[in-house]
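Colleague: To start, I am sharing the structure in question, which I have written as structure tokens.
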Amino acid sequence: MENNKFPGWHGTTIVGVRKDNEVVIAGDGQVSLGQTVIKGSARKVRRISPGGHDVICGFAGSTADAFTLLERLEAKLEASPGQLAKASISLAKDWRMDKYLRNLEAMLIVTDGSDLFVITGAGDVLEPEHGIAAIGSGGNYALAAARALIDGDQDAETIARKSLTIAAEICVYTNGNMTVEKITK
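Okay, here's the thing in structure tokens:
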């Protein structure tokens, strides 16, 4: 996702994979400005634990905007502990309706180990097909790779790592410096 306020900002591939009893979200570490890598080790996947319930979030887009959304999601989860779907829908409604939030340019992939959602600024909360979600510059490459690997014998973490590696080999705005978080249910 490109930030219109700062044309030329690119970066990030986030992939979420649900297989068997685990869900993994993995993200690369690259942030670019035009053709320059500004940072290669950004951490775009985080674990939050509002109300004692683990949730993993990965974000693409403007970092400041993503952190604003993560804080809002955490507050929604504190108000509705253990109800990721309800909190995600509430965040998406606010995002779409609030003048300030509407201008935020980021997308989120979130999971509590049971549900896996993509939350967008258009007010969408999407549950991806095949248990795979991907966002960001290399998202389509990671998505295609994960879909090709999902029916094999590999676990969710291996699929997420391989998918992100493939995206990094194709997308110039994605690197192989990964952050990986997993929830097993």
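Numbering of the sequence shown is given in my numbering, commencing with residue 158 and proceeding in unit increments. Where a beta carbon is used, it is the ideal one built from N, C-alpha and C, also for glycine.
Sort Ala-217, Glu-235, Ser-206 and Asp-269 by Cα distance to Val-188 and report the nearest one.
Modeller: Here residue 188 refers to the residue found at position 31 when the sequence shown is read from its first residue. The shortest Cα separation from Val-188 among Ala-217, Glu-235, Ser-206 and Asp-269 belongs to Ala-217.
Colleague: Measuring only from the beta carbon, is Ile-292 closer than 6 Å to any heavy atom that is part of the ligand PLP?
Modeller: As presented, the structure is devoid of all ligands, the ligand PLP included, so that no description of it is given.
Colleague: Label Gly-173 either buried or exposed according to how many other C-beta atoms from any shown protein chain fall within 10 Å of its C-beta, with 16 as the threshold for buried.
Modeller: Within the sequence shown, the letter at position 16 stands for residue 173. Classification of Gly-173: buried, given that the 10 Å Cβ count is 16 or more.
Colleague: Compute the distance between the beta-carbons of Ile-276 and Gly-215, then report whether it is under 7 Å.
Modeller: As a working mapping, residue 276 is identified with position 119 in the sequence shown. As a working mapping, residue 215 is identified with position 58 in the sequence shown. Contact flag unset, no.
Colleague: Excluding the 5 residues preceding and the 5 following Lys-176 in the sequence, name in chain order all residues of the same chain whose CB lies nearer than 7 Å to its CB.
Modeller: Walking along the sequence shown from the start, residue 176 turns up at place 19. Here the set comprises Gly-288, Ile-307, Asp-312, Ala-313 and Ile-316.
Colleague: How about Gly-184 and Lys-196: are their beta carbons less than 7 Å apart?
Modeller: Working through the sequence shown from its first residue, we reach residue 184 at position 27. Working through the sequence shown from its first residue, we reach residue 196 at position 39. No, Cβ-Cβ distance for Gly-184 and Lys-196 is not below 7 Å.
Colleague: Check the C-beta distance from Gly-239 over to Gly-270 and give it rounded, since I have them as a contact under 8 Å.
Modeller: For this step, residue 239 is matched to residue 82 along the sequence shown. For this step, residue 270 is matched to residue 113 along the sequence shown. Contact doesn't hold; Cβ gap of about 11 Å is too wide.
Colleague: Look up Gly-208 in the DSSP assignment and say whether it is helix, strand or coil.
Modeller: As a first step, residue 208 is located in the sequence shown; it is residue number 51 there, counting from the start. It is helical.
Colleague: Can you give, in chain order, each stretch of the beta strand (DSSP E) that sits fully within the segment 262-299 and has at least 3 residues?
Modeller: Counting whole runs of 3 or more residues, the segment 262-299 contains the beta strand (DSSP E) stretches 263-268, 273-276 and 289-293.
Colleague: Using a C-beta cutoff of 7 Å, does Gly-270 count as contacting chain D?
Modeller: The structure shown contains no chain D; it is built from a single protein chain.
Colleague: Check Arg-175 in the structure and name its three-state DSSP category.
Modeller: As a first step, residue 175 is located in the sequence shown; it is residue number 18 there, counting from the start. Strand.
Colleague: What does a CB cutoff of less than 8 Å around Arg-253 pick up in its chain, not counting 5 residues either side in sequence?
Modeller: To locate residue 253, count along the sequence shown from 1; it is residue 96. Same-chain partners within the cutoff: Arg-259, Gly-278, Ala-279 and Gly-280.
Colleague: Once you ignore the five residues that flank Lys-243 on each side, which residues in its own chain have a CB closer than 6 Å to its CB?
Modeller: Along the sequence shown, read from residue 1 onward, the residue named residue 243 stands at position 86. Cβ within range, chain order: Ser-237.
Colleague: Under DSSP, the alpha helix (DSSP H) around Thr-225 begins and ends at which residues?
Modeller: The residue labelled residue 225 in the question sits at position 68 within the sequence shown. Thr-225 -> alpha helix (DSSP H) spans 220-236.
Colleague: Find out if the Cβ-Cβ distance for the pair Ile-171, Ile-292 is shorter than 7 Å.
Modeller: Translated into the one-based positions of the sequence shown, residue 171 becomes position 14. Translated into the one-based positions of the sequence shown, residue 292 becomes position 135. Yes; because the gap between Cβ atoms is below 7 Å, this pair is in contact.
Colleague: How many whole angstroms separate the CB atoms of Lys-339 and Asn-178, which I take to be in contact at a CB cut-off of 8 Å?
Modeller: The residue labelled residue 339 in the question sits at position 182 within the sequence shown. The residue labelled residue 178 in the question sits at position 21 within the sequence shown. Actually they are not in contact, since the Cβ atoms of Lys-339 and Asn-178 sit about 11 Å apart, beyond 8 Å.
Colleague: If you draw a straight line from the alpha carbon of Lys-256 to that of Gly-333, how long is it in whole angstroms?
Modeller: The residue given as residue 256 occupies position 99 in the sequence shown. The residue given as residue 333 occupies position 176 in the sequence shown. Spanning the two alpha carbons is a distance of roughly 36 Å.
Colleague: Check whether the Cβ atoms of Leu-241 and Leu-230 sit closer than 7 Å, and answer yes or no.
Modeller: Residue 241 sits at position 84 when you count from the first residue of the sequence shown. Residue 230 sits at position 73 when you count from the first residue of the sequence shown. Not closer than 7 Å, so no.
Colleague: Would you give the residue range spanned by the alpha helix (DSSP H) that Thr-331 belongs to?
Modeller: One-based indexing of the sequence shown puts residue 331 at position 174. It is not in any alpha helix (DSSP H) - Thr-331 carries neither H nor E in the DSSP assignment.
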